[in-house]
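Undergrad: Just dropping this structure here.
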Amino acid sequence: MAQPVLDRVAASAAHPSSLLPAARARAALRRHPAPPTDLEAPVLPRAAAPVAVVPALAVPVTVEVGEPAYGVRTVEARPGSESAIDVAARTADVIRLAFSVAVPSVGALARVVALVEDAVAAAGRDRAEVRVLLDLDVVLAADDRVARRKRSQLEYLDALAGLTWSPADTRVVTTPDRLRAEVEELARRARVDGVVLHPLGSGAALSGRARLQSVGLMLPVDAPA
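Position one of the sequence shown corresponds to residue 10 (this note's numbering), numbered consecutively onward.
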């Protein structure tokens, strides 16, 4: 089984060029300047945190739920190592990425995307030929107060589990009216083409998937607490 996606990404976060041979590193850095330092902060926006200014992508970010719609001949890849990225860059139409212990932050994910883009260029393909998507967990709450409570609960559960990374830092916990804006901002910071949302919830929350017409997404929303 392939090793976790770029276990060296997290270990060498301060030196992304060390992941590539010298020539490829220089080329990658010219195309992808170092991400702003606040990319290492938790994904969820904090009131006092500065907002990173990131150039807008040429193509609008897509936001889909569950599974994206593909053509019947679309080749999808979920690379779990650098060698798998090289293969995907040569053969795949869609490359799916996700946060993990090896890719624990938006900054680390942006560096993986840079590796993907470098591999695509090395394969002689145009970047526009390959869609890079992020699988993202999302928790919706009825209002800001409930969102704060749920965020705290997730952080507590991570600490209780003794994990070496905090999945709560890479989940979007928000209200329906803020969902699309927060997800699109995260996608731009990570430099992915689109996001595939995976709603977290159970019971009655999952039965309300059609209640979010206002944001144009089929997602559950928690009842007021």
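Heads up, the beta-carbon is just placed ideally off N, CA and C, and yes, glycines get one too. As the structure is a prediction and not an experimental result, all values here were calculated from the model.
Between the alpha carbons of L163 and G133, how many angstroms are there, rounded?
TA: Rounded to the nearest angstrom, the two C-alpha atoms are 43 Å apart.
Undergrad: Spell out the partners DSSP gives T83 in its beta bridges.
TA: DSSP lists no partner for T83.
Undergrad: Given 8 Å as the limit, is there contact between the region 119-132 and the region 89-105, that is, 3 or more CB pairs closer than that?
TA: Touching, per the Cβ criterion.
Undergrad: How close, in whole Å, do the beta carbons of A204 and L143 come, if the pair is a contact with beta carbons under 8 Å?
TA: According to the sequence shown, residue 204 is Val rather than Ala. That pair is a contact at about 5 Å.
Undergrad: Starting from the Cα of R87, find the closest Cα among G75, V81, V103, V72 and give me that residue.
TA: Answer by Cα proximity: V103.
Undergrad: For a minimum of 4 consecutive residues, which ranges assigned as the alpha helix (DSSP H) are wholly contained in the region 93-148?
TA: DSSP runs (the alpha helix (DSSP H)) wholly in the region 93-148: 115-131.
Undergrad: Compare the C-alpha of R200 against each of S109, E126, A111 and name the closest.
TA: With distances taken between Cα atoms, R200 lies closest to E126.
Undergrad: Taking A235 as the reference, which of E73, R198, K159 has the closest Cα?
TA: In the structure displayed, the chain extends from 10 to 234; residue 235 sits before or after that span and is not available.
Undergrad: Quick one: Cα of D146 to Cα of Y79, how far?
TA: Rounded to the nearest angstrom, the two C-alpha atoms are 21 Å apart.
Undergrad: I need the boundaries of the beta strand (DSSP E) containing E76, first residue and last residue.
TA: It is not in any beta strand (DSSP E) - E76 carries neither H nor E in the DSSP assignment.
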